[in-house]
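All residue numbers for the sequence shown refer to our numbering, where the first residue is 3 and numbers rise by one.
Reading through the structure tokens given below for one structure.
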Amino acid sequence: MKPALPQHQHGVILVVTLIALVLMMIAGISLIRSFDTSLLLAGNMSFRRGLDHQAERGLAVARSAMGQTSAPLGPAAARIADNYTNNYSSVILVTDNSGIPQVLLSDSSWTTAGMSTTADIIDGDITIRYVIDRLCNATGLPDKALCVSMPTFASSGDGFHADQAGGGNKPIYRISIRVRGPRNTESYVQETVQVLSDI
């Protein structure tokens, strides 16, 4: 009996190896692209975090515009009417679904509303813009029926009590900040404040 001769291979192993190499190459490319996307997202999140910190500068400027009697919006009488030169509206501004005033969402809306760019804070490639609106439905003296208000407390010497003389309802103001930075990254911050010197 003659021993069986080995069968000749017809390149099947080579085809299987090539397919495995192609699959490994596709997996490697996917991994590299996923890594690039992760880096891009991390970079954008870092930019956004930095913009949130920059927004604090805008809040400080807006607060000082209202909190000092020598400032343009410092006297209570200066806040009973619109003052677009100082980015102030004595009535509540129209907002989008997120609660951001529409004038802040686009430069064209800002210009159309008559707001000023002179108060913009520009630091390199970062631009900080703010708008202040009184949460009232009408201009003029604040009216409890027309304004969102909150009770203020008059000091009695040992604490604060709403029933002491001098307490009352003062209107609420909304400060909205837009910070625009590198790669067209934007961050929006809002704060509501009450000015104790109001009428």
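C-beta: ideal position from N, C-alpha, C; glycine also.
All values derive from a computational prediction rather than experimental measurement.
Item	Value
DSSP three-state assignment for P202, whether helix, strand or coil	Given a span of 3 to 201 for the chain in the structure shown, any question on residue 202 remains unanswerable.
Close Cβ partners of A29 (< 7 Å) along its chain, the five nearest in sequence each way excluded	none
Residues bridged to T194 [DSSP beta-bridge criterion]	R176
For V202, the first and last residue of its enclosing beta strand (DSSP E)	Nothing can be reported for residue 202: it is not among the residues displayed for the chain, which extend from 3 to 201.
Presumed contact (8 Å Cβ cut-off) between Q192 and R176, rounded CB distance	6 Å
Residues of its chain near R182, where Cβ-Cβ distance is below 6 Å and the 5 sequence neighbours each way are ignored	T129, E188
Three CB pairs or more closer than 8 Å across the segment 64-75 and the segment 98-115	no
For M27 and Y190, the rounded distance between their alpha carbons	43 Å
Simplified DSSP assignment, three categories, for N139	coil
Proximity of L137 and I94 at Cβ, strictly below 7 Å	yes
Beta-carbon proximity of Y132 to G60, cut-off 7 Å	yes
Spatial neighbours of D54 in its chain, beta-carbon cut-off 6 Å, leaving aside the 5 residues before and after	S189
Where N186 falls, given that 16 or more other Cβ within 10 Å makes a residue buried	exposed
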